[in-house]
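Below is one structure, written out as C-alpha cells; the observations come after it.
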Amino acid sequence: MALMDVLGWLRPWEFSPTFVLVFLAAAALFVRGRRVHHVGAVRQWLFWAGMILLYLSLHTRVDYYAERMFFIHRIQHLVLHHLGPLLVMAAYPGQVMRAGLPLAWRARLAQARRDSATVRLLEALATNRFLIPLLFVVLVLVWLEPTVQFYSMLDWRIYRFMNWSVVISGCLYWNLILDRRPRPPAAMGPGGRILSPILTMVPQMIAGAVITFTERDIYPVFDLCGRALSNFSAVDDQIIGGLIMWVPAGLIETIGLLVALGTLMRLSGRNRLPQPRRRQRPAPARSGSA
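Going from the sequence shown to this note's numbering is simple: count from 1 and add 95.
Rendered as C-alpha cells:
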C-alpha cells in the first residue's frame, strides 16, 4: 500500500512530453560529460538534487495541489525559481553538458558562436548582468499580480509558460551569481554578484509582507478551483504563502550572496581582481637654453 501511495504521488498530474524530453536530455548530457571532465561528488550531488526537486515540483501530483492551494503554489515556485536552479547551477554543469554533446554537434555549436550574429546576440542577452537580474525579480512579481494569477491558473498554456519562465530565469540568474571567475571573462563582476541578490531580494520580501498582512482574499481563483485542503481558510492560505515569499525565499538569496562573497574573498586572496588603472601624470616640461 505504501508503494502504491508513493507511485501515486509520482504520477504526473498533467503529462508533459516536452518536459520529459528536456529533463532526460539534460541528464544524459551531464552523464556523458562526466566521462570527459572530472566532476566531484559534491557537484554531482548538487546537480541531481536540483534536478530531482525540479521534476517533483513540475511533473508529479504536487502540481495538482499547487493549482489548488496558494501556499503550495508558492512552495512550488520557491523550488522552481530559487532552490532548484541554485542547486543545479552550483554544480557548474555548463562545460560538462557541452562536453556531453556529440563531437559534430560541439563543432557546429562552436562555429555558430563564432560566425552567427544571432547566436552571439542570444548569448549576450542570456548573460546580461542587468537584464537577467531584472527578469528574475520581475517574473516573480508579474505572476503574483491577482489578475495575471487568475488567468494563469485557469489556462494550462499560460500556467506552463509561467512555470517554464521562472525555471529558465532562475537558471540564468544563478549562472551569473555563482560564477567563480573574475570579470572578464565572467559577465558580472564579483561586487555585482554580491549586490544583485540584495536588489532582487528586497522587492520579493516586500511583496511577501504585503500578501501576509492583507486581511482579504486577493486570490479567489483558488476558491474557484476548489481548495485541496479544506481546513485552510483563504486568508490563512494567503498568510502562509506570503511568509514563504518573505522568509525562505530571502534565505535562499542570502545563501547565494554568501557564496558570491566567498568568491570575492577567494579572488582577492589570489590577487585575481581587476586592479584600478592609475592615471599617469604628464611628464614635466624640460627647461633649458636653445
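Using N, Cα and C, we set each Cβ at its ideal position, and we do this for glycine too.
Residue i versus residue j - alpha carbon distance
i: L151; j: Q139; result: 18 Å
i: F142; j: V305; result: 34 Å
i: V126; j: I227; result: 28 Å
i: R276; j: Y159; result: 41 Å
i: Y246; j: R193; result: 38 Å
i: L356; j: R208; result: 31 Å
i: G243; j: V330; result: Before going further, note that residue 243 is Val rather than Gly in the sequence given. Whole-angstrom Cα-Cα distance: 19 Å.
i: M146; j: A122; result: 8 Å
i: H177; j: P279; result: 26 Å
i: A120; j: L216; result: 24 Å
i: D318; j: G179; result: 28 Å
i: V131; j: F231; result: 32 Å
i: A144; j: A344; result: 18 Å
i: S325; j: D332; result: 10 Å
i: G135; j: V191; result: 12 Å
i: V117; j: A221; result: 19 Å
i: A205; j: P112; result: 29 Å
i: R288; j: L353; result: 10 Å
i: V214; j: M248; result: 34 Å
i: I334; j: A199; result: 53 Å
i: R201; j: E310; result: 55 Å
i: L124; j: F327; result: 43 Å
i: F110; j: I313; result: 30 Å
Same chain, Cβ closer than 8 Å to residue i, neighbours up to 5 away in sequence not counted
i: S351; result: Here the sequence assigns Gly to residue 351, which means Ser is not the residue at that position. Excluding sequence neighbours, G351 sits near L181, W269, I272, L273 and P292.
i: L175; result: L149, S152, L153, N258, V261, V262 and G265
i: G286; result: L359
i: G383; result: Residue confidence is low: G383 scores 49 on pLDDT, short of 50, so the model does not pin down where it sits. No coordinate-derived value is stated.
i: F114; result: L153 and H154
i: G189; result: N270
Span of the alpha helix (DSSP H) around residue i
i: P343; result: P343 to G364
i: T295; result: P285 to F308
i: V262; result: W251 to I272
i: M164; result: No alpha helix (DSSP H) holds M164; DSSP gives it neither H nor E.
i: D318; result: V316 to C320
i: Y187; result: First-last for Y187: undefined, no H or E at that position.
i: W108; result: From DSSP, W108 is part of no alpha helix (DSSP H); its letter is neither H nor E.
i: G145; result: A136 to L153
i: L387; result: The structure shown does not extend to residue 387, since the chain spans only 96 to 385, so no value can be given for it.
i: T213; result: A212 to A221
Spatial neighbours of residue i in its chain, beta-carbon cut-off 7 Å, leaving aside the 5 residues before and after
i: Q171; result: S152, V157 and A161
i: L368; result: P277, P285 and L362
i: M184; result: C266, W269, N270 and L273
i: L105; result: T155
i: V235; result: H176 and Q299
Burial state of residue i (16 or more Cβ within 10 Å)
i: L346; result: exposed
i: I339; result: buried
i: E348; result: buried
i: L267; result: buried
i: G321; result: exposed
i: T358; result: buried
i: P298; result: exposed
i: A219; result: exposed
i: D250; result: exposed
i: F225; result: exposed
i: D210; result: exposed
i: F308; result: exposed
i: P197; result: exposed
i: F166; result: buried
i: P386; result: The chain is shown from 96 up to 385; residue 386 falls before or after that span and cannot be answered.
i: T295; result: buried
i: W341; result: buried
i: G195; result: buried
i: G128; result: buried
Residue-level contact to chain B via CB, residue i, 8 Å cutoff
i: G128; result: Within the model displayed, chain B is absent; a lone protein chain is all it includes.
Neighbourhood of residue i by C-beta, 6 Å cutoff - its chain only, sequence neighbours within 5 removed
i: A323; result: Y160, R163 and M164
i: A281; result: D274
i: L337; result: The question names Leu, but residue 337 is Gly in the sequence shown. So the list reads G303, I306 and T307, once near-sequence residues are dropped.
i: A186; result: R138, L141 and F142
i: M283; result: R224 and L271
The region 163-170 touching the region 254-268, judged by at least three CB pairs closer than 8 Å: Output reads no: the region 254-268 does not touch the region 163-170.
Does the region 230-246 come close enough to the region 302-317 that 3 or more CB-CB pairs lie under 8 Å? The region 302-317 is in contact with the region 230-246.
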